[in-house]
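Reading through the structure tokens given below for one structure.
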Amino acid sequence: MAVERTLSIIKPDATRRNLTGKINAKFEDGGLRIVAQKRVQLSKAQAEQFYGVHRERPFFGDLVSFMISGPVVLQVLEGENAIARNREIMGATNPANAAEGTIRKEFAESIEANSVHGSDAPETAAQEIAFFFAGIELVG
Ligand code: IDP
Ligand code: MG
2 MAVERTLSII KPDATRRNLT GKINAKFEDG GLRIVAQKRV QLSKAQAEQF YGVHRERPFF
62 GDLVSFMISG PVVLQVLEGE NAIARNREIM GATNPANAAE GTIRKEFAES IEANSVHGSD
122 APETAAQEIA FFFAGIELVG
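This is the structure we're talking about:
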């Protein structure tokens, strides 16, 4: 295993319910370190570009509207096998399928408002981190 970095987003459903600390406790208890963090309001153009891979999916418009419905917390998580580890801690996309103890099982409202984003592979992690953060903002 290698030390990796992955992009994490705490989504608007979770910031609205004041769950940032509870969610980040799951990451930290799970062995990941938060090495960059900022709370922002995404623009429509930013959300559309970030989720561009899903542009053709039927839920794209709703997803973009949801992601700009309130502030998000953008983070870079670091640790052994961080990309897969983060996705384990998050749980399945649909909270109905998420394992006990995962963030989405405990906190997600729906398949769309599912509280967190996590990169899915080394290439997307690198792209997604560079989309939101300058190198000087990552402090390991
Ligand atoms: P992931 O976040 O677990 O990687 P993706 O398939 O990459 O899941 O989907 C990106 C995001 O799009 C999901 O986290 C969720 O917010 C939303 N989404 C995915 N599938 C659906 C769906 O069937 N209906 C509504 N929203 C969805
Ligand atoms: Mg995904």
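Residue numbering for the sequence shown follows the working numbering, beginning at 2 and increasing consecutively.
Every residue, glycine too, gets a C-beta built ideally from N, C-alpha and C.
These numbers come from a predicted model, not from an experiment.
Distance, residue j Cα to residue i Cα
i	j	result
asparagine 115	proline 96	7 angstroms
glycine 136	serine 120	18 angstroms
alanine 93	alanine 3	23 angstroms
tyrosine 52	phenylalanine 134	17 angstroms
valine 54	arginine 86	22 angstroms
glutamine 76	aspartate 63	23 angstroms
glutamate 101	phenylalanine 61	28 angstroms
serine 9	valine 117	7 angstroms
Beta carbon of residue i nearer than 9 angstroms to that of residue j
i	j	result
leucine 139	valine 36	yes
leucine 78	leucine 33	yes
glutamate 129	glycine 80	no
isoleucine 90	alanine 122	no
Proximity test, residue i beta-carbon vs the ligand IDP heavy atom, cut-off 8 angstroms
i	result
alanine 93	yes
glycine 71	no
glycine 102	no
phenylalanine 51	no
glutamate 110	no
For a minimum of 4 consecutive residues, which ranges assigned as the alpha helix (DSSP H) are wholly contained in the stretch 4-64?
The DSSP assignment places complete alpha helix (DSSP H) segments of no fewer than 4 residues inside the stretch 4-64 at 13-17, 21-30, 45-51, in order along the chain.
Could I get the ranges of all uninterrupted alpha helix (DSSP H) runs contained in the stretch 68-132, with 4 residues as the minimum, in chain order?
The qualifying runs are 83-91, 104-108.
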